[in-house]
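Numbering (the numbering used here), first residue to last: 71 to 495. Idealized CB from N, CA, C, for every residue including glycine.
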Ligand SMILES: *Cc1c(COP(=O)(O)O)cnc(C)c1O
């Protein structure tokens, strides 16, 4: 399907039924698979024959969704996992071990910061954060011979900073390591990081890809372009794997070395596998992803323009607004839109922000972003409520900050709801 356009892949990618087969992707709710001979199954276990052996490692429903997402991103293969957290963990763990380190942009999703700085640190893998505005020379100085990857988010959640993908890919490649990009907010509909030099892409499919707030999930996509043999930094990929009778991933699987190892080794051992029914629901979401992203972006821009003009709104952060600090970068990488998430400040600070939220009728208060329904969150009174006003400012989260995920309802209705709530704020 990868010669088709994105819209066609959303609808028909991953599953093309043969004569007389079900039109819609079936849910293969089976943990196991039947074989006619022990010898055939033995070949599967030695990775000498393709096929499914156990649903912790692969499953036909999940497989179809993986093919669709790989084609949407323009990669050679994908691996669906049980959450976005698992995807980001696996993306690094697949190429780094205790004693190694990796670089990460600092303004990324809070859950990923915890994963990198607390849990992975305990595993002996060190994260080195790249501070905003760091020069090339400052970033160069963070690398050493144990550095294994560079990580960033295309559009940071919730800061909405846009990653200069080309620049960070060049920096990573200069030091012989891959660039891993979490592309959750734009999805491949708005940006395909491989086109700008990224090597590995991850997603929390929980957000726009599912799009209906139904299933938690994650995915890793492999561009197939990184040379894992050059420089000798990745012996786990270029030397025999004793747990598979000496398979050498770069020799036996070529450009799919990274994604194959992530599946047959990490997923086999750690087991963060998605269920077939979850993959089926994710596929339903993906079928309309292109239409939804277009409407999310259209509605978000209208809401951002409305907020910008409103006297009770002190500031608005949306990269598609001319004058926004991220506007140029957004035009370069995401000319058709960045996502549906906006942040803004309500004049009157914390109390006004809370009154605003409590007055909304259509937009709901939820700890989520990026689904079809408009929702809001006031970090200062919820996810970050233990912080003082000064700590909030240091974290870049003012006590007046509202994060709004603009849905795909009618934009006039969304704006009318915001207008009446601002009157009450
Ligand atoms: C939500 C999110 C994650 C974590 O994904 P889960 O599916 O909730 O585990 C990772 N990265 C980004 C950018 C996210 O928005």
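Note down, in chain order, each residue of its chain lying with its Cβ closer than 7 Å to the Cβ of residue i, except the 5 sequence neighbours on either side.
i: residue 478; result: 362, 365, 366, 369, 442
i: residue 257; result: 278, 279, 359, 363
i: residue 431; result: 487
i: residue 186; result: 174, 197
i: residue 217; result: 171, 172, 173, 245, 247
i: residue 399; result: 232, 234
i: residue 327; result: 298, 307, 319, 320
i: residue 324; result: none
Just list the residues that DSSP pairs residue i with in beta bridges.
i: residue 474; result: 412, 446
i: residue 150; result: 289
i: residue 198; result: 173
i: residue 311; result: 317
i: residue 249; result: 220
i: residue 385; result: 415
i: residue 326; result: According to DSSP, residue 326 bridges with nothing at all.
i: residue 274; result: 288
i: residue 225; result: 232
i: residue 102; result: 124
i: residue 347; result: In DSSP, residue 347 forms no bridge with anything.
i: residue 434; result: 445
Considering only the beta carbon of each residue, do residue i and residue j sit closer than 8 Å?
i: residue 412; j: residue 373; result: yes
i: residue 145; j: residue 292; result: yes
i: residue 379; j: residue 492; result: no
i: residue 273; j: residue 157; result: yes
i: residue 495; j: residue 416; result: yes
i: residue 223; j: residue 269; result: no
i: residue 287; j: residue 352; result: yes
i: residue 329; j: residue 147; result: yes
i: residue 304; j: residue 334; result: no
i: residue 408; j: residue 260; result: yes
i: residue 387; j: residue 426; result: no
i: residue 290; j: residue 152; result: no
i: residue 310; j: residue 302; result: no
i: residue 356; j: residue 80; result: yes
i: residue 219; j: residue 183; result: no
i: residue 440; j: residue 472; result: no
i: residue 95; j: residue 350; result: yes
i: residue 276; j: residue 419; result: no
i: residue 119; j: residue 177; result: no
i: residue 433; j: residue 390; result: no
i: residue 444; j: residue 485; result: no
i: residue 344; j: residue 188; result: no
i: residue 134; j: residue 85; result: yes
Near residue i, which residues of its chain fall below 6 Å by C-beta distance, leaving aside the five closest residues on each side in sequence?
i: residue 83; result: 71, 138, 141
i: residue 33; result: Because the chain here runs from 71 to 495, residue 33 falls outside it and cannot be looked at.
i: residue 130; result: 98
i: residue 136; result: 148, 150
i: residue 384; result: 415, 417
i: residue 125; result: 101
Use the C-beta contact count for residue i: other C-beta atoms within 10 angstroms, 16 or more gives buried, fewer gives exposed.
i: residue 347; result: exposed
i: residue 164; result: buried
i: residue 262; result: buried
i: residue 448; result: buried
i: residue 331; result: buried
i: residue 225; result: buried
i: residue 428; result: exposed
i: residue 450; result: buried
i: residue 470; result: buried
i: residue 489; result: exposed
i: residue 28; result: No answer is possible for residue 28: it lies beyond the span of the chain, which begins at 71 and ends at 495.
i: residue 476; result: buried
i: residue 227; result: buried
i: residue 205; result: exposed
i: residue 128; result: buried
i: residue 452; result: exposed
Below 8 Å CB to CB, which residues in the same chain sit around residue i once its five sequence neighbours on both sides are set aside?
i: residue 212; result: 173, 198, 200
i: residue 191; result: 197
i: residue 93; result: 87
i: residue 284; result: 351, 355
### Query
Are there three or more Cβ pairs, one per stretch, closer than 8 Å when the segment 219 to 239 is compared with the segment 396 to 413?
yes
### Query
Counting Cβ pairs, one atom from each stretch, are 3 or more of them under 8 Å apart for the segment 162 to 175 and the segment 188 to 196?
yes
### Task
Count the C-beta pairs between the segment 319 to 331 and the segment 295 to 304 that are closer than 8 Å, then say yes if the count reaches three, no if not.
yes
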